[in-house]
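**Student:** What follows is a single structure, and I will ask about it in a moment.
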Amino acid sequence: MAGVASDLPAKLMKAGLAISGIYDLAPLLQAPFVNVDLQLDARRARALSPIHMPPATDAPLITAVGALESSEFKRQNALIGRAWKNVVMRDLPMTGTHHLSVVDELANPGSPLFDAALDLVRGSTQH
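In the numbering used here, the protein residues as written are 564 to 690.
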């Protein structure tokens, strides 16, 4: 990993869980209430968007998005799945959740998100 201290282990990142993320920053250019703080332009939005970067590691990644989320969050989730297809092991469409409630499922034993996080901790990413 570029920019990581030399005294850290080579395989520092073992796995990842990406929940309802924003992986393409270009749409934020159309959201002045957000971009007033971010101050993005097209070049910077592209440079900072994970979909335009290779994954930093080969660690397995599980993505999740709430089924009740906006079409934009669902689109963003699909984008990272395609862009990082070599590391995305599984995608979890979270039934009955939206952007503000999906992460609560991490504390719900037996939910798909809870189970996925446990799988990652245990080193088991296949389903």
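Every residue gets a Cβ at the ideal spot worked out from N, C-alpha and C, and that includes glycine.
Classify ALA573: buried if its beta carbon has 16 or more other beta carbons within 10 angstroms, exposed otherwise.
**Tutor:** By the 10 Å Cβ count, ALA573 comes out exposed.
**Student:** Out of GLU632, ALA670, LEU681, point me to the one whose CA is closest to SER583's CA.
**Tutor:** That would be GLU632, whose Cα lies nearest to the Cα of SER583.
**Student:** Per DSSP, which residues does ASP509 bridge with? Please list them.
**Tutor:** Past the edges of the chain, shown from 564 to 690, lies residue 509, and the structure says nothing about it.
**Student:** Can you tell me which of ASN671, ALA605, ALA646 puts its alpha carbon nearest to the alpha carbon of HIS615?
**Tutor:** Answer by Cα proximity: ALA646.
**Student:** Kindly indicate if chain B contains any beta-carbon less than 7 Å away from that of ARG645.
**Tutor:** Within the model displayed, chain B is absent; a lone protein chain is all it includes.
**Student:** Who are the Cβ neighbours of SER569 in its own chain at under 8 Å, not counting the five residues just before and after it?
**Tutor:** Same-chain partners within the cutoff: there are none.
**Student:** In whole angstroms, give me the CA-to-CA distance for HIS690 and ALA680.
**Tutor:** The pLDDT assigned to HIS690 is 43, lower than 50, so where the model puts this residue is not dependable, and the model offers no usable value.
**Student:** Opposite GLY686 in the DSSP bridges: which residues?
**Tutor:** Answer is none; GLY686 lacks a bridge partner.
**Student:** Please classify GLY673: does DSSP put it in a helix, a strand, or coil?
**Tutor:** Note: GLY673 maps to coil in three-state DSSP.
**Student:** Assuming the contact rule is C-beta atoms closer than 8 Å, LEU669 and LEU676 should be a hit. Round their C-beta distance to whole Å, please.
**Tutor:** That pair is a contact at about 6 Å.
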